[in-house]
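Listed in order, the protein sequences are those of chains A and B. Following this note's numbering, the numbering of the first sequence begins with 13 at its first residue and continues without gaps. Following this note's numbering, the numbering of the second sequence begins with 13 at its first residue and continues without gaps. Every residue gets a Cβ at the ideal spot worked out from N, C-alpha and C, and that includes glycine. Below is one structure, written out as C-alpha cells; comments come after it.
2 protein chains.
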Amino acid sequence: MEIRLAREDDEAGIWTVLEPVIRAGETYALDPDMTEAEALAYWTGGEGKETFVAVRDGRVLGTYFLRPNQPGGGAHVGNCGYMTSPEARGQGVARAMRDHSVARARERGFRAVQFNFVVSVNQVAVRLWQAGGFEIVGTLPGAFRHPRLGYVDVYVMYQVLEG
Amino acid sequence: MEIRLAREDDEAGIWTVLEPVIRAGETYALDPDMTEAEALAYWTGGEGKETFVAVRDGRVLGTYFLRPNQPGGGAHVGNCGYMTSPEARGQGVARAMRDHSVARARERGFRAVQFNFVVSVNQVAVRLWQAGGFEIVGTLPGAFRHPRLGYVDVYVMYQVLEG
Numbered sequence: 013m014e015i016r017l018a019r020e021d022d023e024a025g026i027w028t029v030l031e032p033v034i035r036a037g038e039t040y041a042l043d044p045d046m047t048e049a050e051a052l053a054y055w056t057g058g059e060g061k062e063t064f065v066a067v068r069d070g071r072v073l074g075t076y077f078l079r080p081n082q083p084g085g086g087a088h089v090g091n092c093g094y095m096t097s098p099e100a101r102g103q104g105v106a107r108a109m110r111d112h113s114v115a116r117a118r119e120r121g122f123r124a125v126q127f128n129f130v131v132s133v134n135q136v137a138v139r140l141w142q143a144g145g146f147e148i149v150g151t152l153p154g155a156f157r158h159p160r161l162g163y164v165d166v167y168v169m170y171q172v173l174e175g
Numbered sequence: 013m014e015i016r017l018a019r020e021d022d023e024a025g026i027w028t029v030l031e032p033v034i035r036a037g038e039t040y041a042l043d044p045d046m047t048e049a050e051a052l053a054y055w056t057g058g059e060g061k062e063t064f065v066a067v068r069d070g071r072v073l074g075t076y077f078l079r080p081n082q083p084g085g086g087a088h089v090g091n092c093g094y095m096t097s098p099e100a101r102g103q104g105v106a107r108a109m110r111d112h113s114v115a116r117a118r119e120r121g122f123r124a125v126q127f128n129f130v131v132s133v134n135q136v137a138v139r140l141w142q143a144g145g146f147e148i149v150g151t152l153p154g155a156f157r158h159p160r161l162g163y164v165d166v167y168v169m170y171q172v173l174e175g
C-alpha cells in the first residue's frame, strides 16, 4: 500500500471512500446528504490543506487531509480528517494514515495536531488515535447526534509534536 | 444600549469594533493582517450565522455572531464569537452580549453552546464566560501563539442549555 498526495484523477476513488462514510453519518459532523461535489470540495479544498490517498493495486482504500486547524495565531497546530473504505477496514489502512499524517505534520513544522471532533462511541478510532500518541484533552457533552444512539459525547484529541 | 440583528448599514460600525481586536492579534486566531472585506465576510457570512450589534447612541460598541458549530450531527450545538470596542471596555457590553447570545441560542433550539478557542491568558473573558455558566471542558496545550507571550494554552468552553 502506498500513501501519496492526491491528484485530480483520484477524485472518483476518493469519493468511493467518502460516500459510504458520509451517508452513514455515524462518525463525522457532515450533512449525510451532501453531494459528491460538496464532499470533494470540503475534503480536498481550503487554505493550506493537503489531501493524501492510501492506494493498493490502483484502488483508493483510504484518504486523509492535513491542514492548519486555525489561521493567525493558531496556524502552528495541524488538523486531520481520515476516512477508510468500509471494505478495507481491519487492514491497517487507518493506522498507516495516522502514522503518515503525524510524520507529515512534523515535516511541515506543526507543533501539535488536534482532532476537533472524535465521536466517543467510535471506539476503534479513539483507541487507534490513543495508541498513536493522541490524548483526549476535552469532552463535549452530547455534541454529536448519532443516527442510532442519539446524543453522544465528542472528544477533542491532541498530540504535541515539538521537540 | 440595544442589542439587535446587524443590518447592512452596520458594516462600517462593525469594522470599527473588529479592526483593533484583529490587528492586536491577542485573542482570536485570525490573520492580524486580514482586510476589512475578509473580516466582515468572516463575521457576518456563513451558513446559519446571525450577527448582532450592541449599539448606544447610534454607535456600535460590540458585536457577536451565533451559528451552528458543526453541520450534520453537530448542528444542535451553537458557537459564538464576541468582540467589544477597546474604547467601550468595562461598561458591561460583553456581559450583555453573552446573556443575549445564550437567550438567543435557547430560542433557536440549540442544546448547547461551545466556544472552540478561548485564549487562556484572556482572563477577563474566561471569567466572564464562567460567570455566565460556561465551563472549561478542554485545554489545548500551547495552541495559541500570543504576539507578546508566545505559546499559551487555549480553552474549549461549553454550556449545556437543554432542559
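- In its chain, beyond the 5 residues on either side, F77, L78, R79 have a beta carbon closer than 8 Å to the beta carbon of B/K61.
- Exclusion of the five residues before and after B/M109 leaves A66, G74, Y76, Y94 as the residues of its chain whose Cβ lies within less than 6 Å of its Cβ.
- With 16 or more other CB atoms across the displayed protein chains lying within 10 angstroms of its CB, A/R116 is buried.
- Of all residues in the stretch 103 to 134 of chain A, the ones placed with a Cβ closer than 9 Å to any Cβ belonging to chain B are R123, A124, Q126, N128, F129, V131, in chain order.
- Burial is judged here by how many other beta carbons sit within 10 angstroms of a residue's own beta carbon; A/V136 has fewer than 16 and is exposed.
- Residue state for A/T96 is assigned as strand, using DSSP reduced to three classes.
- Where A/P153 is concerned, the enclosing beta strand (DSSP E) starts and stops at 147 to 158.
- Across the stretch 156 to 175 of chain B, CB contacts with chain A closer than 7 Å involve F156, R157, H158, V168, Y170, V172, in sequence order along the chain.
- Chain-ordered, the chain B residues with CB closer than 7 Å to the CB of A/V89 read A155.
- In the displayed model, A/T28 falls within a helix according to three-state DSSP.
- From the beta-carbon of B/V149, the residues of chain A found nearer than 9 Å are G150, T151, L152, P153, V168.
- When Cβ pairs closer than 8 Å are counted between the two stretches, the stretch 148 to 160 of chain A is seen to touch the stretch 148 to 156 of chain B, the count reaching three or more.
- At a cut-off of 8 Å between beta carbons, A/G85 contacts chain B.
- Here the stretch 48 to 64 of chain A lies against the stretch 21 to 30 of chain A, with 3 or more beta-carbon pairs under 8 Å apart.
- About 6 Å separates the beta carbons of A/F64 and A/L17, which is inside the 8 Å limit, making them a contact pair.
- In the assembly as shown, A/L161 is an exposed residue. Its beta-carbon has fewer than 16 other beta-carbons within 10 Å.
- For B/M169, same chain residues with a beta-carbon under 6 Å away, outside a window of 5 residues either side, are F127, V130, W141, F146, I148 in chain order.
- B/Y40 has a beta carbon lying within less than 8 Å of a beta carbon in chain A.
- With contacts defined by Cβ atoms closer than 8 Å, B/Y167 and B/V125 do not form a contacting pair.
- Excluding the 5 residues flanking it on each side, B/V105 has same chain C-beta neighbours closer than 8 Å at M13, A66, L73, G74, T96, S97, in chain order.
- Between A/P83 and B/D43, the CB-CB gap stays under 8 Å.
- Here A/M109 carries a helix assignment [DSSP, helix/strand/coil].
- In the three-state reduction of the DSSP assignment, B/Y40 falls in the coil class.
- For a cut-off of 8 Å, the C-beta gap from A/G85 to B/G102 is around 25 Å, too long to register as a contact.
- The straight-line gap separating the alpha-carbon atoms of B/E99 and B/G25 is approximately 13 Å.
- For B/R139, the enclosing alpha helix (DSSP H) starts and ends at 135 to 143.
- The Cβ atoms of A/G144 and A/V114 lie closer than 8 Å to each other.
- For the options B/N91, B/E20, B/H158, the alpha carbon positioned closest to that of B/E59 is the one of B/N91.
- Annotation: B/G70 to A/V89 spans about 40 Å, alpha carbon to alpha carbon.
- The Cβ of A/G37 sits closer than 8 Å to at least one Cβ of chain B.
- Residue environment: A/D21 is assigned as exposed (fewer than 16 neighbouring CB atoms within 10 Å of its CB, all protein chains considered).
- By the C-beta density criterion, B/T47 is exposed, having fewer than 16 other C-beta atoms within 10 angstroms.
- Comparing C-alpha distances from A/A49 to each of A/R35, A/E23, A/Y40 shows the shortest one belongs to A/E23.
- The C-beta distance from B/L173 to B/R123 rounds to 6 Å, short enough to fall under 8 Å.
- Per DSSP, A/E50 is one residue of the alpha helix (DSSP H) stretching across 48 to 56.
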